[in-house]
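Structure record follows, encoded as structure tokens.
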Amino acid sequence: MSRIREICSLSPIVPVLAISNQSSAMPVAQALVNNKLNVLEVTLRTEQALDVIKAMSAVEGAVVGAGTVLTPDQLLRVIDAGAQFAVSPGATDALLKAAMDQNFPLLPGVSSASDVMRVMDYGLDTLKLFPAQVVGGVKLLQSFSGPFPEIAFCPTGGVTLDNMTDYLSLKNVVCVGGTWLVPQGDLNEQSFLAIDTAAKMAFDKASLLSDV
């Protein structure tokens, strides 16, 4: 099993985080980890993202990665910041090669069969379907299971508490990613209890699948 698949297998849901206030980093991470959502994607959409990655990495049990990684230079910077994996919305040859050169776990974004085939050429077996709902969602993933039986996916983009189990019930889905767990309103108000509640609700709902 590849390292990126091992990471994705640690939690059914990967919270996608855009945190601009570094002081919120550790409380948010702790709330998520307390509810067994320990794989965290910190997007590079804020100026504080690298500092947030460093802070969250200090929370015991947290496996912190960087999202919205677009270039080889960004990849090197998130590695220096202590990220344990990287996520990209798409996949360029330059970024894929940089990840291979660094032997660093990368979850590259795909949205078509051609994307999947190109990324497979680099030896990757775990991919991010993005934006999942827009490009076909559950039906597209079902159609991928035939020609790509060895590939696992983390759908992100339009995944919510209401539809996440539709994705998680698929055999080729290892986890889902979503922003709904930590909305900007809760971050702005530092409503860590609300984040804790949302995380518990999501994990409990995901866990029902394994009990069936």
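As numbered in the working numbering, residues 1 to 212 make up the sequence shown, in order. Ideal placement from N, C-alpha and C gives every residue a C-beta, glycine not left out.
Report the residue ranges of all alpha helix (DSSP H) runs contained in full by the segment 106-141; include only those spanning at least 4 residues, in chain order. 113-120, 132-135
Quick one: is Ala113 buried, meaning 16 or more other Cβ sit within 10 Å of its Cβ, or exposed? As a first step, residue 113 is located in the sequence shown; it is residue number 113 there, counting from the start. Exposed, by the Cβ-count rule.
Would you please state the rounded distance, in angstroms, between the beta carbons of Phe144 and Val116? I believe it to be under 8 Å. As a position in the sequence shown, residue 144 is number 144, starting the count at 1. As a position in the sequence shown, residue 116 is number 116, starting the count at 1. Indeed they touch by this definition, with Cβ atoms about 7 Å apart.
Please list, in chain order, all residues of the same chain as Phe192 whose beta carbon is under 6 Å from its beta carbon, the five residues on each side excluded. Within the sequence shown, the letter at position 192 stands for residue 192. Here Phe192 has Pro27, Ala31 as same chain residues with Cβ atoms under 6 Å from its own Cβ, once five neighbours each way along the sequence are excluded.
On a CA-only basis, which of Asp73, Glu60, Leu70, Ser24 is nearest Thr52? Give me that one, please. Within the sequence shown, residue 52 is the residue found at index 52, counting from 1. Looking at the sequence shown, residue 52 is not Thr but Val. Of the candidates Asp73, Glu60, Leu70, Ser24, the one whose C-alpha sits nearest the C-alpha of Val52 is Ser24.
Note down the Cα distance separating Asn21 from Arg3, rounded to an integer number of angstroms. Taking the first residue of the sequence shown as position 1, residue 21 is located at position 21. Taking the first residue of the sequence shown as position 1, residue 3 is located at position 3. Approximately 30 Å between the Cα atoms of the pair.
Bridge partners for Pro12 per DSSP, in chain order? Taking the first residue of the sequence shown as position 1, residue 12 is located at position 12. According to DSSP, which records beta bridges pairwise, Pro12 is partnered with nothing at all.
Residues bridged to Gly67 [DSSP beta-bridge criterion]: In the sequence shown, the residue the question calls residue 67 occupies position 67. In DSSP, Gly67 forms a bridge with Thr43.
Among the residues of its own chain, which have a CB less than 8 Å from the CB of Gly158, if the five just before and after it don't count? The residue you call residue 158 lines up with position 158 of the sequence shown. Within the same chain, and ignoring the five residues on either side of Gly158 in sequence, the residues whose Cβ sits closer than 8 Å to its Cβ are Pro131, Ala132, Gln133, Val134, Gly137.
Touching or not, the segment 5-13 and the segment 182-189, by the rule of three or more beta carbon pairs under 8 Å? Pairwise C-beta distances place the segment 5-13 out of contact with the segment 182-189, as fewer than three of them are shorter than 8 Å.
Report yes if the CB atom of Phe148 is closer than 9 Å to the CB atom of Asn163, and no otherwise. What you label residue 148 is simply residue 148 of the sequence shown in a count that begins at 1. What you label residue 163 is simply residue 163 of the sequence shown in a count that begins at 1. Their beta carbons are not under 9 Å apart, which means Phe148 does not touch Asn163 by this criterion.
Whole-number beta carbon distance between Leu40 and Gly65, since they are thought to touch under 8 Å: Counted from its first residue, the sequence shown places residue 65 at position 65. Counted from its first residue, the sequence shown places residue 40 at position 40. With a Cβ gap of about 7 Å, Gly65 and Leu40 count as contacting.
Please list, in chain order, all residues of the same chain as Ala152 whose beta carbon is under 8 Å from its beta carbon, the five residues on each side excluded. Mapped onto the sequence shown, residue 152 falls at position 152. Contacts found: Arg5, Cys8, Asp125, Thr126, Leu127, Asn172, Val173, Val174.
What separation, rounded to the nearest whole angstrom, lies between the Cα atoms of Val78 and Val176? Taking the first residue of the sequence shown as position 1, residue 78 is located at position 78. Taking the first residue of the sequence shown as position 1, residue 176 is located at position 176. Straight-line Cα distance between these residues: approximately 22 Å.
Are the Cβ atoms of Leu226 and Gln74 separated by less than 9 Å? In this structure the chain extends from 1 to 212, so residue 226 is not present and cannot be described.
Report the partner residues of Pro155 according to the DSSP bridge assignment. Walking along the sequence shown from the start, residue 155 turns up at place 155. Under DSSP, Pro155 takes part in a beta bridge, and its partners are Leu129.
Does the separation of the CB atoms of Ala29 and Ala81 fall below 9 Å? As a first step, residue 29 is located in the sequence shown; it is residue number 29 there, counting from the start. As a first step, residue 81 is located in the sequence shown; it is residue number 81 there, counting from the start. No, they are not a contact pair.
On the criterion of 16 or more Cβ atoms from any shown chain inside 10 Å, does Lys97 qualify as buried, or is it exposed? In the sequence shown, residue 97 corresponds to position 97, counting from 1. It counts as exposed.
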